[in-house]
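Participant:
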Amino acid sequence: MTQIIYERCAGLDMHKKAVVACRRRLTSAMEVEYETKTFGTITEELLALSDWLAERIVPYVAMKSTEEH
Numbered sequence: 076m077t078q079i080i081y082e083r084c085a086g087l088d089m090h091k092k093a094v095v096a097c098r099r100r101l102t103s104a105m106e107v108e109y110e111t112k113t114f115g116t117i118t119e120e121l122l123a124l125s126d127w128l129a130e131r132i133v134p135y136v137a138m139k140s141t142e143e144h
């Protein structure tokens with residue numbers, strides 16, 4: 076199986092009142108750097124999340140959401 080390693084990517088864990096974002100970056104020394112930040116779910120906070128990802132040049136995002144019943 077071929078493994079793909081993205082130089083820059085992020086994972087989003089979606090909750091009812093918060094989104095936890097973890098950004099991963101592969102450095103030029105081939106070390107992995109992580110940065111985690113929590114955002115709210117109102118429009119202003121989601122736009123801040125978008126800006127945060129754009130500022131860090133994150134082209135790939137995976138998202139996890141747990142549905143509550």
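Here the working numbering is used: the first residue of the sequence shown is 76, the next is one more, and so on.
Positions of the beta carbon are idealized from the N, C-alpha and C atoms, including for glycine.
1) Does the beta-carbon of residue 93 have 16 or more other beta-carbons within 10 angstroms, so that it is buried, or is it exposed?
2) If we count Cβ pairs, one from each stretch, closer than 8 Å, do we get three or more for the stretch 100 to 119 versus the stretch 134 to 143?
3) Pull up the CB-CB distance for residue 129 and residue 86, whole angstroms please, since I reckon it's below 8 Å.
4) Considering only the alpha carbon of each residue, which of 79, 83, 121, 120 lies closest to residue 103?
5) With a cut-off of 8 Å on the beta carbons, I'd call residue 131 and residue 98 a contact; round off their distance for me.
6) Might you give, ordered along the chain, the residues of its own chain that have their beta carbon closer than 6 Å to the beta carbon of residue 106, omitting 5 neighbours on each side?
7) DSSP on residue 93, reduced to helix/strand/coil?
Facilitator: If we stick to the structure as given:
1) Counted from its first residue, the sequence shown places residue 93 at position 18. With fewer than 16 other Cβ atoms within 10 Å, it is exposed.
2) Flag = no, the stretch 100 to 119 and the stretch 134 to 143 do not touch.
3) Locating residue 129 in the sequence shown gives position 54, where the first residue counts as 1. Locating residue 86 in the sequence shown gives position 11, where the first residue counts as 1. So it is not a contact: roughly 16 Å between Cβ atoms.
4) Taking the first residue of the sequence shown as position 1, residue 103 is located at position 28. Residue 83 is the option with its Cα nearest to residue 103.
5) Position 56 of the sequence shown, counted from the first residue, corresponds to residue 131. Position 23 of the sequence shown, counted from the first residue, corresponds to residue 98. At roughly 6 Å, the Cβ-Cβ gap stays under 8 Å, so residue 131 and residue 98 are in contact.
6) For the purposes of this step, residue 106 is taken as the residue at position 31 of the sequence shown. Sequence-distant partners of residue 106 (beyond 5 residues in either direction) whose C-beta falls short of 6 Å from its own C-beta are missing from its chain.
7) For the purposes of this step, residue 93 is identified with residue 18 of the sequence shown, where counting begins at 1. Secondary structure at residue 93: coil, using DSSP grouped into helix, strand and coil.
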